[in-house]
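Residue 288 in this note's numbering is what sits at position 288 of the sequence shown, and the numbering runs on without skipping anything.
Note that beta-carbon positions come from the ideal geometry of N, C-alpha and C, so glycine has one too.
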Amino acid sequence: MSYKIFARKYRPQAFEEVIGQKSVVRTIQNAIQMGRISQAYLFSGMRGTGKTSMARILARALNCANGPTANPCKIEDKDCADDKNKPCDYCAAISEDRAIDVLEIDGASNRGIEEIRALRESLKYKAIYTRYKVVIIDEVHQITKEGFNALLKTLEEPPPNTVFIFATTEFNKVPATIVSRCQHFEFRKISHKDIINHLVEIAKKEAITITPASLAMIAEAADGSMRDAQSLLDQAVAFSGDNIGDEDLKTILGTIGQDVLFRSSTAVLGEKPEDVFPLVESVVAAGYDLRFLFGKLIEHFRALLLVRSVEKPEDLLLASAEELQALRVQASKATAEDLLRYLLALQQAEAGLKYSAMPRIYLEAFLIKLCHFRKIVPLQELIRDVESLKKEPQRTLPKPPGASPAGAPPAAGTGRPVPAGDRPEGPSSAAKTGPPPQKDVFKRVLEKLAVDRAPLAALLAQYSSVMVKDNVLEVFFASGKGFFVTSIQEKDIRAVERAASEVLGRETKVRFAEENATEGGPIRPGRELETALKDPAVQFFMNTFKAQVLSADPIPASREAGPKGGGPTENET
Ligand SMILES: Nc1ncnc2c1ncn2[C@@H]1O[C@H](COP(=O)(O)OP(=O)(O)OP(=O)(O)O)[C@@H](O)[C@H]1O
Ligand SMILES: [Mg+2]
Ligand SMILES: [Zn+2]
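Spelled out as structure tokens, the structure:
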């Protein structure tokens, strides 16, 4: 006997069976009853919440022999359907995926203009067997711009008796022009309670024994996706048989922990992208929920960071002695700074995975990116090194008239970014020279923050340059480190502003940006890049390491006297 996974076996077949989407169901049913059938529907929301199921029920509601009807024929499991409960031919054909007038198209693999044109062509002909042609496009956000334009034309002059149903996990990627021509329904996350009740029903039908505690654990892990909940139940049955114990379930949810997590971090820290594919394959084959794995990965990297940064991590970590030892060995392969970077990147990517239509590919691509992370960062440091190299000969050159002593930073208020690579270690010279230099300003801000917001201060210490202009302190992160910017929260900004206002002695706003991050980023005149490319030291690096210059920082004050108005000289005192 073939085994059918719960998610497929228990796909809702009638409007009433769609759980947790009451207002969507009611609106659609009412509209059908009143004969108000829309030309196009858009279903958006998290994966596993019933969009595709609802689209198929709607297709049957429109085409049922008794319809259009809000209550199309019941589709029983074939094995137990007796004759009098048989669905009509239309409903049967649609539910078995063999109705030629109901097209189900995957937007991910039919993204281009050619495919959409072909679709338009096919819609010229009336439905052959059914009342309505129904075109369901799943993951519609994946369609290309040109594809959307072609689709828009179709929606503007809709072929008669054709109904479009678009489904998407990423509503924000669907063009407004399309949205405005659709009746839009937002599918909600399904509540723990609804998930638990549904699992109880499935358990009853399948003669599975499971405790309320286990059900709660599953609902928690599924986080609003009925499909995820059902596949966790599948796993539990595969692991324990019909009698699921709490400990078993903890093991299932927990086993994602150890082996897989260590293999992931080994690949990342060992910079072995080639290990990612077999790793993800084994995770998928084992039936693990990838979103759940991702959450565990975050905890794992937190544990690594903790072990790397804290003297006695055992006080803060629930781990056995062996686990702790394994964590220590792994953590020793990276700096705390690297581990923090991985952790922040993971946290930032989590939401993306949750809403991804193709979580597997998302996870693969993301882990591979992490494997390359360290290669990206040293290049930034390389550029910094080039800059300090460039400063060396400068000390022996005569000072241009009016320039400050070599190496002195520009004073606050110059409006030019100051590279972080130049951070002085000694006490600031501010007392002697008036306003404190910009980088010292920020260093003091960081010191203040470190007192009670240490993690935030550690994050901000990754900055690459700062700029104080009027009442605004701008902090830049190197290009490619944009995730630092996005991981800063509103309340963090407030904290930094308080500290900056104290240090500067006036109300100060703070802004964070990634260098070279399109408009609104810091001023990066082409001139700097040009100069950099001509520089012998840069050319040496480019030739020797086959390196590329990604961005060029403005040269510190002492070397810049003269060429441009508004330069640092005016601020020298
Ligand atoms: N609201 C729901 N009520 C009952 N079961 C549901 C619901 N949502 C999802 N399921 C279960 O999950 C399975 C997958 O649901 P469906 O394909 O409709 O989700 P979806 O929202 O289209 O997800 P995706 O965005 O990943 O395509 C269904 O077969 C069903 O078993
Ligand atoms: Mg779907
Ligand atoms: Zn029917």
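Below 8 Å, too few C-beta pairs join the region 188 to 196 and the region 159 to 166 to call them touching: fewer than three. Beta bridge pairing from DSSP links Gly45 with Phe187.
In the displayed model, Lys126 falls within coil according to three-state DSSP, outside both helix and strand.
Burial check for Ser240: the Cβ neighbour count within 10 Å reaches 16 or more, so the residue is buried. The residue from Lys481, Leu293, Gly505 and Leu279 with its alpha-carbon nearest to that of Arg374 is Lys481. Following the DSSP letters along the chain, one finds Asp194 inside the alpha helix (DSSP H) bounded by residues His192 to Lys205. As the crow flies, the alpha-carbon of Pro12 is around 36 Å from that of Val276. Contact check for Ser265 against Leu304 passes: the beta carbons are separated by less than 9 Å. At least one heavy atom of ligand 3 lies less than 8 Å from the C-beta of Asn66. Ile128 counts as exposed, since fewer than 16 other beta carbons sit within 10 angstroms of its beta carbon.
For Ala285, the enclosing alpha helix (DSSP H) stretches over residues Val276 to Ala285.
Rounded to the nearest whole angstrom, the CA to CA distance from Leu199 to Ala500 is 53 Å.
Taking a cut-off of 8 Å for Cβ pairs, the region 349 to 363 and the region 46 to 55 touch, as three or more such pairs fall below it. Closest in C-alpha terms to Ser282, from the list Lys448, Ala219, Arg360 and Leu324, comes Arg360.
A straight-line Cα-Cα distance of about 29 Å links Val510 and Ile298.
In this structure, His184 keeps its C-beta atom at 9 Å or more from the C-beta atom of Tyr288. Scanning His372, Ala108, Phe442 and Ile165 for the CA closest to the CA of Ser464 turns up Phe442. A distance criterion of 8 Å places the beta-carbon of Ala334 beyond contact range of ligand 2, judged by its closest non-hydrogen atom. Taken through DSSP and simplified to helix, strand or coil, Arg111 comes out as coil. Under the three-pair Cβ rule at 8 Å, the region 321 to 331 does not count as touching the region 223 to 243.
Judged by DSSP secondary structure, Ala167 falls outside any alpha helix (DSSP H) and instead within the beta strand (DSSP E) spanning Thr162 to Thr168. In this structure, Lys51 has its CB closer than 8 Å to one or more heavy atoms of ligand 2.
With at least 16 other beta carbons inside 10 angstroms of its own, Ile116 counts as buried. Closer than 8 Å to some heavy atom of ligand 1: that describes the Cβ of Arg227. Under the DSSP assignment, Met467 falls in the beta strand (DSSP E) whose first and last residues are Ser465 to Lys469. By the CB criterion at 9 Å, Thr486 and Gln325 fall outside the cutoff.
Counting other Cβ atoms within 10 Å of its Cβ, Pro87 reaches 16 or more and is therefore classed as buried.
Nearest to Arg341 by C-alpha distance, out of Phe301, Asp138, Glu311 and Ala365, is Phe301.
Put simply, the backbone Cα of Ile165 is about 30 Å away from that of Ala221.
Closest in C-alpha terms to Ser109, from the list Val475, Leu370, Met358 and Asp492, comes Met358. Just measuring C-alpha positions, the residue of Ala93, Met34 and Thr168 sitting nearest Ala59 is Ala93. Beta bridge pairing from DSSP links Phe476 with Ser465 and Ala513.
Residues of the same chain with a CB within less than 6 Å of the CB of Met217, apart from the 5 flanking positions on each side, are Leu249 in chain order. Annotation for Asp89: the continuous alpha helix (DSSP H) segment containing it runs Asp89 to Ser95.
If you ignore the 5 residues before and after Leu232, its C-beta comes within less than 7 Å of the C-beta of Ile218, Ala221, Ala222 and Asp289, all in its own chain and listed in chain order.
Non-local beta-carbon contacts of Val496 in its own chain, meaning distances under 6 Å to residues more than five positions away in sequence, involve Val510 in chain order.
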